[in-house]
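In what follows, a structure is listed as structure tokens, so that the remarks can point back to it.
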Amino acid sequence: MNTGKKVVYCVIAAIVILLATACSREKPQAVEHVYKIHAATQTIVPVNPGQNSDKVVLLTFDDGPNEGLNEKILATLDKHKAKAIFFMNGPQIESGKNLVKLVHNRGHMIGNHSWDHIDLSAESKEQVEKQLGDVQKAVKDITGTAPVFFRPPFLAFNDVTVEAAKASGLTVVTSSIDSQDWAMTADSNDPKALAQRIVDQMHPGANILMHELPWTAEALDGLLSKLTELEYEFVDPHTIGPL
């Protein structure tokens, strides 16, 4: 074989290897669902008790993504090797497509929080379906993956909401701990008090409701440090199966 042919074959082989590597990276890795959401308590429990720890905590953030806050929260989560669900609304998704991609690419899960953040328990079936469907499409268009969990705004829902969620491939998720960060204001915020309020309510399988707010972003590092000290594990939401 002459030198020219050898070079051509080497180049072709290199291209094949690169393409194979790229394809393997694009294929999503299957994740085993070793946890589930307890319907009555909304806590995170092992599918097979005894095989996985029950002293876990699910971190969730509503009403994003919000520029500046989202990046700060992500940096803190990375520091503590924690994953979370970010329940997003339509307008924030539209205006923050790069943040949606960032959350997804950093290994976190994006949840559906309705398009307009309205009380869906007061809406018709058609309106509920549209509120959920529009978010499903928007997130899938950006990330290639549609949400699998839905948190109703104000935690308000009824049978119509649940059925519409199921029809969209969504499991309804509320919370077992409300941080009440939504009740704080710029004048009254106290990050340490916020973190302590959550710690005081902690229990195995805690499902913590938080928001993308300045004081929550500020409190997060101290909160996660304390939870680690208390020997809680941060559950990866991808390991949580549907109800």
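Offset between the sequence shown (1-based) and my numbering: plus 38.
All residues carry an ideal CB built from backbone N, CA and C; glycine is no exception.
CA-to-CA distance, residue j to residue i, given in whole angstroms
i	j	result
Val166	Asn136	27 Å
Ser62	Ala224	Low confidence applies here, because Ser62 scores a pLDDT of 36, under 50, leaving its location unreliable; read the following figure in that light. If I take the Cα positions, the gap works out to 47 Å.
Pro87	Asp274	17 Å
Thr266	Ala176	35 Å
Tyr73	Tyr270	15 Å
Thr277	Thr79	18 Å
Arg144	Pro252	21 Å
Gln89	Phe187	24 Å
Phe272	Leu262	9 Å
Val94	His241	9 Å
Gly207	Met248	24 Å
Met257	Leu97	Note on identity: in this sequence residue 257 is Ala, with Met being the wrong assignment. Going by the C-alpha atoms only, they are around 13 Å apart.
Asn196	His76	18 Å
Ile246	Gln130	21 Å
Val85	His71	8 Å
Met147	Gly243	18 Å
Arg189	Asp259	24 Å
For residue i, the first and last residue of its enclosing beta strand (DSSP E)
i	result
Ala122	Ala122 to Met126
Ser98	Just to set this straight, residue 98 is Thr in the shown sequence, not Ser. Counting along the chain, the beta strand (DSSP E) containing Thr98 begins and ends at Val94 to Gly102.
Closer than 7 Å: residue i CB and nearest the ligand ADP heavy atom
i	result
Asp116	By its list of ligands, the structure shown contains no ligand whatsoever, and the ligand ADP lies outside what it can speak to.
Beta-ladder partner(s) of residue i, from DSSP
i	result
Asn150	Met126 and Phe188
Ile75	Ile82
Val210	Phe188
Gly279	Lys74
is_contact[residue i, chain B] using C-beta, thresh 8 Å
i	result
Ala224	Of the protein chains in the structure, only one exists, and it is not chain B.
Residue i, enclosing alpha helix (DSSP H) - first and last residue
i	result
Asn282	Lying outside 39 to 281, the shown extent of the chain, residue 282 is not represented and no answer is given.
Ile111	Leu107 to Lys117
Ser263	Pro252 to Glu267
Pro229	Pro229 to Asp238
Gly181	Looking at the sequence shown, residue 181 is not Gly but Thr. Thr181 -> alpha helix (DSSP H) spans Lys163 to Thr181.
Asn136	Lys135 to Asn143
Val198	Asp197 to Ala205
Nearest-angstrom beta carbon gap, residue j and residue i [assumed within contact, 8 Å]
i	j	result
Phe125	Gly149	4 Å
Leu158	Gln169	6 Å
Thr28	Ser214	For residue 28 there is no data in the structure shown, the boundaries of the chain being 39 and 281.
Val138	Pro103	6 Å
Touching by the beta-carbon criterion (3+ pairs, under 8 Å), the stretch 200-207 and the stretch 223-242: Not touching, per the Cβ criterion.
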